[in-house]
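Okay, so here's the structure we're looking at.
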Amino acid sequence: MGMIDQLDTAGALPVLDAAIRFAGARHTVIAHNIANLETPGFQPRDVDPHAFQSELAEAIDRRRQGETGSIGGTHGELGLETTREVEVGAGGRLRLNPRTSSGNILFHDRNNRDLERTMQSLVENASVFRVATDLYRNRTTLLRDAMAERVG
């Protein structure tokens with residue numbers, strides 16, 4: 028595999044960046060749920076990570092087909108679109124619009140909580156963040172090494 032083939036992975040950076048931004052924003056939502064676990068009347072909220080992943084996959088497909096102002100292929104603008112739960116702003120900024128989750132246990136204090144489900148969401152989200160940041164770091168290290176002509 029030549030150096031150009033290895034550098035082609037740079038097209039993954041916008042995808043990883045979007046995944047990191049989403050996981051970071053979702054972590055704030057989950058942490059808010061945990062902080063208010065014992066607050067009477069509190070209704071935990073969350074966004075659907077699968078819906079975001081689907082939109083991310085569609086954005087990748089649009090980029091491959093050249094629909095986002097790119098020339099097609101794996102490089103160029105990612106072109107994430109705003110959905111019901113995720114607003115895409117300038118510079119790839121993501122704003123989450125979490126919804127009240129359903130299926131939790133309604134306690135006598137009118138708090139609709141499920142500690143186990145919340146902790147599961149926290150761990151899964153942290154795992155996504157960790158994997159995406161590790162991959163991002165690896166890709167940027169590869170690019171930095173290539174620019175310094177240390178890739179062999």
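The sequence shown begins at 28 in my numbering and counts up by one.
We put the beta carbon where it would ideally sit given N, CA and C, even for glycine.
A quick note: this is a predicted structure, and the numbers were derived from the prediction, not measured.
| request: Name the residue from F69, T109 and V74 whose alpha carbon lies nearest to the alpha carbon of A86. | output: T109
| field | Cβ contact check for the region 139-158 and the region 113-126: 3 or more pairs under 8 Å | value | no
| message | Looking at the strands, I want to know which residues DSSP matches up with T127. | response | R72
| query | H77: buried (16+ other C-beta within 10 angstroms of its C-beta) or exposed? | reply | exposed
| Distance, Cα to Cα, G106 vs P67? | 41 Å
| field | DSSP three-state assignment for R122, whether helix, strand or coil | value | Here R122 sits in strand by DSSP.
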